[in-house]
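A.B. asks: Would you mind keeping the following structure in view while I ask a few things?
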């Protein structure tokens, strides 16, 4: 019998991928390169060890898969935002129904306890309602091993709750290529205090503030 | 002027047919590889000793150890797949093992775990699952060799907050 994650897979026609954007939107992508201290710290923390299990919530990106695989690790990818849009629609207003939240998490994070040694969250968490976010972080705590590191990005501009929707491609251990695909509404503002509270069950939270209103966060399980 | 001469004069030096870009479907028809059409549904096990093109529905297992499997744009495969090379334009739901490479094209969907030596995923492809890259040296060493990535190995915890080279960034850290 196929696992839960396969359910509903053929529900729509092939080529009509969940959450996929139109080609017109894809054409609007703008590329930029930036240094990332958070990424550097993430790879520093997992250096010298092969065969780790890394979870990437940013979906399947060729560069990231190659980079992680070349370090000798196993990578698991989840198209988290695509599935989020498919499950709740765009926007966080509908992300409050406990049954829907449970179904979404069962589909996305139904891994055995303590499966992963590293998680690339990218900016996925900032688009979730408080209820969904808390449940997601709880699941992340469950599926990560003690000593696991997670890398997350949070927009630190408190003035607006709309932030650029990015695709992150790893170029080097400290460099990312970013492709912007329009704007997306954040579900809530994030500051250091919020984030500390959010990851209270984790061992430590480290922040790197950047000039582009982006807070890079390394969380240690 | 006899008939032969007339025919020669009418022969055009170039084809009036438009150029056709090679597609997996045209390859399938041209090269004589086995093909499952889009109106075909198969439930069971498929073993093939030649390349296979699937554009229909297949449920079960597909094994082509030394050959190439192509899932066409209409193909829907709900099976575990083993082949030398796998090209996905349609949808696969199941684990895929490709000893050489797997190529997931732009409109393709794959949900399952992949084990392969090389992987190409085009932007826009939907993939959900884990990827194990098996190094080719490990493959050549024989089937009895140890797995290339002992994924279950416990991570080696490293002290949080350790300095990274000459990084000028001063992180803010909350330790509990």
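Residue numbers (this note's numbering), protein chains in the order written: chain U, 1 to 221; chain Y, 1001 to 1176. Beta carbons: idealized from backbone N, C-alpha and C, even for Gly.
Measuring straight from C-alpha to C-alpha, what distance separates residue 32 of chain U and residue 1080 of chain Y?
C.D. replies: Counting from one through the first chain, the residue named residue 32 of chain U turns up at place 32. Counting from one through the second chain, the residue named residue 1080 of chain Y turns up at place 80. The straight-line gap from Cα to Cα measures roughly 39 Å.
A.B. asks: For chain Y, find out if any of its Cβ atoms is closer than 9 Å to the Cβ of residue 65 of chain U; answer yes or no.
C.D. replies: As a working mapping, residue 65 of chain U is identified with position 65 in the first chain. At least one chain Y Cβ lies under 9 Å of residue 65 of chain U.
A.B. asks: Note the first and the last residue of the continuous alpha helix (DSSP H) segment covering residue 65 of chain U.
C.D. replies: For the purposes of this step, residue 65 of chain U is identified with residue 65 of the first chain, where counting begins at 1. Taken as a continuous stretch (DSSP letters only), the alpha helix (DSSP H) holding residue 65 of chain U covers 62-70.
A.B. asks: Which value, in whole angstroms, describes the spacing of the CA atoms of residue 1132 of chain Y and residue 66 of chain U?
C.D. replies: Taking the first residue of the second chain as position 1, residue 1132 of chain Y is located at position 132. Taking the first residue of the first chain as position 1, residue 66 of chain U is located at position 66. Residue 1132 of chain Y and residue 66 of chain U: Cα-Cα distance of roughly 11 Å.
A.B. asks: Contact defined as beta carbons within less than 8 Å: I believe residue 163 of chain U pairs with residue 126 of chain U. What is the distance between those atoms, to the nearest angstrom?
C.D. replies: Counting from 1 along the first chain, the entry for residue 163 of chain U is found at position 163. Counting from 1 along the first chain, the entry for residue 126 of chain U is found at position 126. Confirmed, about 7 Å.
A.B. asks: So what does DSSP say about residue 38 of chain U, is it helix, strand or coil?
C.D. replies: Mapped onto the first chain, residue 38 of chain U falls at position 38. Here residue 38 of chain U sits in helix by DSSP.
A.B. asks: Report yes or no: do the region 206-217 of chain U and the region 65-79 of chain U share at least 3 C-beta pairs separated by less than 8 Å?
C.D. replies: Result no; under three Cβ-Cβ pairs closer than 8 Å.
A.B. asks: Does DSSP put residue 173 of chain U in a helix, in a strand, or in coil?
C.D. replies: Your numbering for residue 173 of chain U matches position 173 in the first chain. Correct three-state label for residue 173 of chain U: coil.
A.B. asks: Can you tell me which of the three DSSP states residue 136 of chain U falls into?
C.D. replies: Here residue 136 of chain U refers to the residue found at position 136 when the first chain is read from its first residue. Helix.
A.B. asks: Could you give the distance in angstroms between the alpha-carbon of residue 1085 of chain Y and the alpha-carbon of residue 196 of chain U?
C.D. replies: Position 85 of the second chain holds residue 1085 of chain Y. Position 196 of the first chain holds residue 196 of chain U. Spanning the two alpha carbons is a distance of roughly 47 Å.
A.B. asks: Do the region 39-57 of chain U and the region 136-155 of chain U touch if we need at least three Cβ pairs shorter than 8 Å?
C.D. replies: As far as the Cβ criterion goes, the region 39-57 of chain U touches the region 136-155 of chain U, which means the pair count is three or higher.
A.B. asks: Identify whether residue 83 of chain U lies in helix, strand or coil by the three-state DSSP scheme.
C.D. replies: The count along the first chain starts at 1 and reaches residue 83 of chain U at position 83. If DSSP states are grouped into helix, strand and coil, residue 83 of chain U belongs with the helices.
A.B. asks: Report the three-state DSSP secondary structure of residue 1122 of chain Y (helix, strand or coil).
C.D. replies: The count along the second chain starts at 1 and reaches residue 1122 of chain Y at position 122. Three-state DSSP puts residue 1122 of chain Y in coil, outside helix and strand.
A.B. asks: Consider the Cβ of residue 69 of chain U: report whether some Cβ of chain Y lies at a distance smaller than 9 Å.
C.D. replies: Reading the first chain from its first residue, position 69 is the one you call residue 69 of chain U. Answer yes: the Cβ-Cβ gap between residue 69 of chain U and chain Y drops below 9 Å somewhere.
A.B. asks: Return yes when at least one heavy atom of the ligand PLP lies under 8 Å from the C-beta of residue 1095 of chain Y, else no.
C.D. replies: Inclusion of the ligand PLP in the displayed structure is not the case, the ligand content being empty and no account of it being possible.
A.B. asks: Take every Cβ of the region 177-184 of chain U, pair it with every Cβ of the region 105-120 of chain U, and state whether three or more of those distances are shorter than 8 Å.
C.D. replies: Verdict: no, contact absent.
A.B. asks: For the alpha helix (DSSP H) holding residue 194 of chain U, just list the boundary residues, first then last.
C.D. replies: Residue numbering aside, residue 194 of chain U sits at position 194 when the first chain is read from its first letter. From DSSP, the alpha helix (DSSP H) with residue 194 of chain U extends over 192-198.
A.B. asks: Counting only Cβ pairs nearer than 9 Å, list the residues of chain Y close to residue 78 of chain U.
C.D. replies: Here residue 78 of chain U refers to the residue found at position 78 when the first chain is read from its first residue. In chain order: 1128 and 1129.
A.B. asks: CB residue 201 of chain U to CB residue 218 of chain U, shorter than 9 Å?
C.D. replies: By one-based count along the first chain, residue 201 of chain U stands at place 201. By one-based count along the first chain, residue 218 of chain U stands at place 218. In this structure, residue 218 of chain U does not lie closer than 9 Å to residue 201 of chain U by Cβ.
A.B. asks: So is residue 1038 of chain Y in contact with chain U if we call contact Cβ pairs under 9 Å?
C.D. replies: The residue you call residue 1038 of chain Y lines up with position 38 of the second chain. Judged by the 9 Å Cβ criterion, residue 1038 of chain Y is not in contact with chain U.
A.B. asks: Measuring only the C-alpha atoms, how far is residue 1051 of chain Y from residue 199 of chain U?
C.D. replies: The residue labelled residue 1051 of chain Y in the question sits at position 51 within the second chain. The residue labelled residue 199 of chain U in the question sits at position 199 within the first chain. Cα to Cα, the separation comes out at about 51 Å.
A.B. asks: Residues of chain U with CB under 8 Å from residue 1120 of chain Y, in chain order?
C.D. replies: The residue you call residue 1120 of chain Y lines up with position 120 of the second chain. In chain order: 62.
A.B. asks: Do residue 64 of chain U and residue 170 of chain U come within 9 Å of each other at the CB atom, strictly closer than that value?
C.D. replies: To locate residue 170 of chain U, count along the first chain from 1; it is residue 170. To locate residue 64 of chain U, count along the first chain from 1; it is residue 64. Yes, the Cβ-Cβ distance between residue 170 of chain U and residue 64 of chain U is below 9 Å.
A.B. asks: Considering only residues of the same chain and omitting the five flanking positions on each side of residue 1047 of chain Y, which have a CB-CB separation below 7 Å?
C.D. replies: Against the second chain, residue 1047 of chain Y aligns to sequence position 47. 1063, listed in sequence order.
A.B. asks: From the DSSP output, in three-state form, read off residue 57 of chain U for me.
C.D. replies: Along the first chain, one-based indexing puts residue 57 of chain U at 57. Residue state, collapsed to three classes: coil.
A.B. asks: Tell me the residue span of the beta strand (DSSP E) that contains residue 208 of chain U.
C.D. replies: By 1-based counting over the first chain, the position of residue 208 of chain U is 208. Per DSSP, residue 208 of chain U belongs to the beta strand (DSSP E) from 204-209.
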